[in-house]
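Quick note, the sequence shown lines up with residues 1211 to 1323 if you use the working numbering. All C-beta atoms, glycine included, are put in the ideal place defined by N, C-alpha and C. From a predicted model like this one, the values you see are computed outputs, not experimental measurements. Structure first, commentary second.
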Amino acid sequence: MAARKRASTAAGGSPAPRTPGWIAIRVGLGALALGVISFAVQGGEYGTLDLLDQKQRLASARAEVDSLQRRVDSLRAYKRLVETDPATQERIAREEFGMVKPGEVLYRFAEPQ
C-alpha cells in the first residue's frame, strides 16, 4: 500500500504555506475584519446601541406628549365648565372664596390650638 501525498494548492496553483507566520497573519486579519464589522454595527454615533437608545427616548417622549395632551383636554373641559355651568361657578365661589347667598349663614370650624 503506497502512501499518497496530497499537496494543497492555493489559488495560483502553488502549495499553500503552512508556516506559523502565515497562520498568525490569517488570524490577525480575521480579528481585524471582525473588529471592523462589530464597530460598523455597534460603534459610532449611529450604531445599534445608539439606535436602541433613541427608540426608547422616542417612545418615552411620545408617552409624555400623550399624557400632556390628556391634561390639556381635561383643563379645556374644566375651563368650559367654569365659563358656562352655573353649578360649577357656585361651587368655586363657595369653596374657594367663602361666598354665601343672601340669607345664608356661613359656619367655619377652626381647629383647637
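Checklist entry - In terms of residue numbering, what span does the alpha helix (DSSP H) encompassing F1307 cover? => result If you number the sequence shown from 1, residue 1307 lands on position 97. Per DSSP, the unbroken alpha helix (DSSP H) holding F1307 starts and ends at 1296–1307.
Item to check | Segment limits, alpha helix (DSSP H) that includes V1251 | outcome: Sequence index remark: in the sequence shown, residue 1251 carries index 41 (1-based). Start and end: 1230–1252.
Checklist entry - Thinking C-alpha only, which one of G1308, T1258, P1312 is nearest F1319? => result Mapped onto the sequence shown, residue 1319 falls at position 109. Comparing Cα positions, the closest option is G1308.
Checklist entry - Is the beta carbon of L1259 sitting closer than 8 Å to the one on Q1252? => result Reading the sequence shown from its first residue, position 49 is the one you call residue 1259. Reading the sequence shown from its first residue, position 42 is the one you call residue 1252. Cβ atoms of L1259 and Q1252: closer than 8 Å.
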